[in-house]
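Student:
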Amino acid sequence: MIPHKKKIIVLGGGPNRIGQGIEFDYCCCHASYAIKEEGYEAIMVNSNPETVSTDFDTSDRLYFEPLTREDVLHIVEAEKPAGVIVQFGGQTPLNLAKQLEDASVPIIGTSVKSIDRAEDRKLFKAILKKAKLNQPQNGIAKSTAEAIKIAKKIGYPVIVRPSYVLGGRAMRIVYDEIDLDEYMKKAVIASPEKPILIDKFLDDAIEVDVDCVSDGKKTVICGIMEHIEEAGIHSGDSACVLPTFSLSKSMLDEIRSATNSLAKELKVIGLMNIQYAVKNSVLYVLEVNPRASRTVPFVSKATGVQWAKIATKAMLGKTLQELGVEKEIIPGYFAVKEAVFPFSRFPGVDPVLGPEMKSTGEVMGIDKDLGMAYMKAQIAAGQKLPMEGKIFISVNDRDKRTIVGLAKRLASLGYVVVSTPGTADILKKNGLEVIPVAKIGEGSPDILDLIKNLEVKMVINTPGDKKTKFDETKIRSGAIMHMVPIITTISGARATVSGLEAARKKGFNVCSLQEYHE
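Count along the sequence shown starting at 1, add 38, and that's the number in the working numbering.
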C-alpha cells in the first residue's frame, strides 16, 4: 500500500490525434477522481487544452507541459510523488515508462518489465508458448530482404507494421512481394529504431476485444466485445458489440481462460486490453496491451461500472474484492460502439477501411435488439440510412456470394437494387430484379451521375484488386462528397441490413442510460 496523503502523478496523452483521443482522457479523469477519493493528491500532467483532464477542478494540481522525459522528470523532482501512473494516456506515457524507471521514478500499476514483455515480439511469443495460446504465424524483419524472406515463409497476405505504435500507424495488409517492397521503403523511415513486425493475415476471421482489470492476483473481465468488421480493420474503426452475438459459449469460456492466464503471466495491476481473432473455431491472440484501451469508456457506459476508477484504486493497493468487483457483468441488452469519421472534411479521400486507424470519434447505440442498437449507432454517427429508394451494390468477387442474400433482404423491404454489370449478373442469376448501370466512363448515366443526382440513397462497395481501384475510389469518394451513406465491408453491409429490418419491424424505442443499468 502506498503511504497515505502522498502525491500521485497521472500522465495524460498529450494532443488529440488519430489513434489517441479523448477516450484516454476519460480514463485520466477517472484516475484523478479515484486518487482524490482515496485521500491522495492528484497531479495531472497533460498538454491538451481541449480535454477535461486539463480543467482546473479535475486534479489537485495541473502541469500543462509536454509529455517528454525531460519535462516529466522536472515535475517529479518538484513534486516528489509516491508514484506515477502511465496506464491511462495511451501509448505516449507508456513509451516513457522505461526512461522514467531508469531515472528511479516509481511507476505504479503493471511493471515496466511486464509492459516490455507484452510489447517485445520475442518475449511475447515466449509468454504465449508458455500459456499454450495460438498466435498467427509471424516474424521480425530489420531489412527489406529479411521481410521478403519471412513473408514468403508465412504466405501472403500478411500484415506489416512498425513496433510500439498506436492507431495502426504505418500498418498495412500486403498481398504480394511488390507491395511489400514498396511498404518497406516507407515503413523503415517511419520507424528507424524499431524492427518491422510481419504477421499472417487471418482472412474472414472474427475479431474480439477484451478489457479486463486485475489487482495482481484476481482478474475480472470488464467486457468481451465482438467486432462487426472482420479482422484486418483497425479496432478503433470497427463497430463492436457488447455482449458478443455470434460466439459460442465454449469459445467465450476459452477467451476468459486465456485472458486470466495472460493477466497472471504479465502480473497485471490495473487495466489490460487483449485483441483476439477467431477463425474456423480456433482462437488466436493478436495483441496484448497492459494499459487502458480506447474501449474503456464504451465498456464503462455499457455496463454502468467506472472501470478506470476501479483500476486506479487497485493500483493504489485495494483488492478487487474490497472494491466489490467480483465477476464479469454481461448486460441484458446490446450496446454497439460505432466509429465517427472525418471523410466529409477531405474531398476526394477514399473512405475504405483498413488496418491504419482513420476515425476521430465514436458513438454508442443501445437496444434490446441488436439490429436496432446498430441502427441507433449509425444515426448517432451521422449515417442517414434510407428507409426507401435505390441502393447501389458493387462488390469484389470474394463478396459476391454473400451479397446475394443481403440484396434479397433489401428487395423484400422494398428497396430497388442498382448494380454495375459484374454484380448485376450474379444477382440476376439468383432471381433478383436489378437495374443495371454503366461503369464510370462507359456510358451515360454512369454510377457517378446517379450519386451526384442523389438518385442512389446508399452505396455498398467493397474494395477489389488494383485493376478496379480507380473506379472504386471515385465511387466511394463521390458518395462522401454528396453525403450518400457508404458501406465498404460486407460485414458492415450485413449489420446495416439487419438494422434496416429492425427499424421497419419494431420502430425506435428510447430509454435513458440509467434505465438500462437498473
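All C-beta atoms in this analysis are idealised placements derived from N, C-alpha and C, irrespective of residue type, glycine included.
Given the structure is predicted, the values throughout are model-derived calculations rather than measurements.
Could I get the ranges of all uninterrupted beta strand (DSSP E) runs contained in the segment 107 to 162, with 3 residues as the minimum, in chain order?
Tutor: Listed in chain order, the complete beta strand (DSSP E) runs (minimum 3 residues) inside the segment 107 to 162 are 121 to 123.
Student: Looking only at its own chain, which residues have a Cβ that is under 7 Å from the Cβ of Lys347, when we skip the five neighbours before and after it?
Tutor: Correct list, in chain order: His68, Tyr71, Ala72.
Student: Could you tell me if Ile518 is buried or exposed, where buried requires 16 or more neighbouring beta carbons within 10 angstroms of its beta carbon?
Tutor: Buried.
Student: Tell me, please, whether the segment 45 to 61 touches the segment 76 to 96 by the rule of three or more beta-carbon pairs shorter than 8 Å.
Tutor: Flag = yes, the segment 45 to 61 and the segment 76 to 96 touch.
Student: Measuring CB to CB, does Pro328 end up less than 9 Å from Thr130?
Tutor: Cβ distance not < 9 Å, so Pro328 and Thr130 don't count as in contact.
Student: Could you work out which residue in Asp242, Arg332, Trp345, Val246 is closest to Asn318 when comparing CA atoms only?
Tutor: Checked all of Asp242, Arg332, Trp345, Val246; the closest Cα to Asn318 is Asp242.
Student: Helix, strand or coil: which one does DSSP assign to Gln175?
Tutor: Gln175 falls in the coil class under three-state DSSP.
Student: Are the segment 398 to 406 and the segment 342 to 361 touching, with three or more C-beta to C-beta distances below 8 Å?
Tutor: With a cut-off of 8 Å, the segment 342 to 361 and the segment 398 to 406 do not count as touching, because too few Cβ pairs lie within range.
Student: Check for me: the beta strand (DSSP E) holding Phe430 runs from which residue to which?
Tutor: Residues 428 to 432.
Student: Beta-carbon within less than 6 Å of Pro385's beta-carbon, same chain only, minus the 5 sequence neighbours each way: which residues are those?
Tutor: Cβ neighbours of Pro385 beyond the five flanking positions: Met519.
Student: By how many angstroms is the C-alpha of Thr511 removed from the C-alpha of Ser91?
Tutor: Approximately 39 Å, taken between the alpha carbons.
Student: With three or more beta-carbon pairs closer than 8 Å as the criterion, would you say the segment 178 to 190 touches the segment 336 to 346?
Tutor: Result no; under three Cβ-Cβ pairs closer than 8 Å.
Student: Is the distance from the Cβ of Ile262 to the Cβ of Leu235 below 9 Å?
Tutor: No, these two residues do not count as a Cβ contact at 9 Å.
Student: Suppose the cutoff is 7 Å on Cβ atoms and the five residues either side in sequence are ignored; what does the same chain contact list for Glu366 look like?
Tutor: Closer than 7 Å at Cβ, skipping near neighbours: Val258, Ile259.
Student: Pull up the distance between the alpha-carbon of Tyr78 and that of Lys44, whole angstroms please.
Tutor: Rounded to the nearest angstrom, the two C-alpha atoms are 5 Å apart.
Student: Would you report the Cα separation of Ser536 and Ile188, rounded to the nearest angstrom?
Tutor: Rounded to the nearest angstrom, the two C-alpha atoms are 41 Å apart.
Student: Can you check the segment 310 to 395 for any beta strand (DSSP E) of at least 3 residues that lies completely inside it and give the ranges in chain order?
Tutor: Whole beta strand (DSSP E) segments, 3+ residues: 320 to 327, 372 to 378.
Student: Beta-carbon separation of Tyr453 and Pro474 under 9 Å?
Tutor: For Tyr453 and Pro474, no; Cβs fall outside 9 Å.
Student: Within a Cβ cutoff of 7 Å, which residues of the same chain sit near Ala141, ignoring the five residues on either side of it in sequence?
Tutor: Excluding residues within five positions, the ones whose Cβ falls inside 7 Å are Leu111.
Student: Which whole-angstrom value is the C-beta distance of Ile525 and Ile498, which I expect to be below 8 Å?
Tutor: Ile525 to Ile498, Cβ: 5 Å. Contact.
Student: I'd like the span of the beta strand (DSSP E) that includes Lys238, first residue to last.
Tutor: It spans 234 to 238 - the beta strand (DSSP E) in which Lys238 sits, taken as one unbroken run.
Student: Looking at C-alpha atoms only, which residue of Thr333, Asn491, Phe372 is the closest neighbour of Tyr64?
Tutor: The residue with the shortest Cα to Cα distance from Tyr64 is Thr333.
Student: Suppose you measure from the CA of Ser152 to the CA of Ala269; what does that come to, to the nearest Å?
Tutor: Cα to Cα, the separation comes out at about 26 Å.
Student: If you check the beta carbons only, do Lys136 and Asp154 fall under 9 Å apart?
Tutor: Going by C-beta atoms, Lys136 is nearer than 9 Å to Asp154.
Student: May I have a chain-ordered list of the beta strand (DSSP E) segments no shorter than 3 residues that lie completely inside the segment 44 to 115?
Tutor: Fully enclosed beta strand (DSSP E) runs of 3 or longer: 45 to 49, 79 to 83, 99 to 101.
Student: Opposite Ile307 in the DSSP bridges: which residues?
Tutor: The partner list for Ile307 (beta bridge, DSSP) reads Asp253.
Student: Return the chain-ordered ranges of every alpha helix (DSSP H) run that is complete within the segment 263 to 298 and spans a minimum of 4 residues.
Tutor: Within the segment 263 to 298, no complete alpha helix (DSSP H) run reaches 4 residues.
Student: Which residue or residues does DSSP assign as beta-bridge partners of Ala476?
Tutor: According to DSSP, which records beta bridges pairwise, Ala476 is partnered with Asp484.
Student: Please report the distance separating the alpha-carbon of Leu132 from that of Gln125.
Tutor: Cα-Cα distance, rounded: 7 Å.
Student: Please classify Val535: does DSSP put it in a helix, a strand, or coil?
Tutor: Note: Val535 maps to helix in three-state DSSP.
Student: Under a three-way DSSP split, which group does Gly399 fall into?
Tutor: Looking at Gly399 - three-state DSSP - the assignment turns out to be strand.
Student: Let me make sure I understand the geometry here. Which of Leu492, Met410, Leu444 has the alpha-carbon closest to that of Lys544?
Tutor: Looking at the Cα atoms, Met410 is the closest of the given residues.
Student: Please confirm if the segment 453 to 471 is in contact with the segment 546 to 555, defined as three or more CB-CB distances below 8 Å between the two stretches.
Tutor: The segment 453 to 471 vs the segment 546 to 555: no contact.
Student: Assuming Lys238 and Ile192 make a contact with CB atoms under 8 Å, what is their CB distance in whole Å?
Tutor: Rounded, the Cβ-Cβ distance is 5 Å, consistent with contact.
Student: Helix or strand or just coil, what does DSSP make of Ser550?
Tutor: Three-state DSSP puts Ser550 in coil, outside helix and strand.
Student: With a threshold of 7 Å on Cβ separation, who are the neighbours of Tyr322 within its own chain once the five nearest residues in sequence on each side are excluded?
Tutor: Result list for Tyr322: Asn172, Gln173, Pro174, Leu240, Tyr314, Ala315, in chain order.
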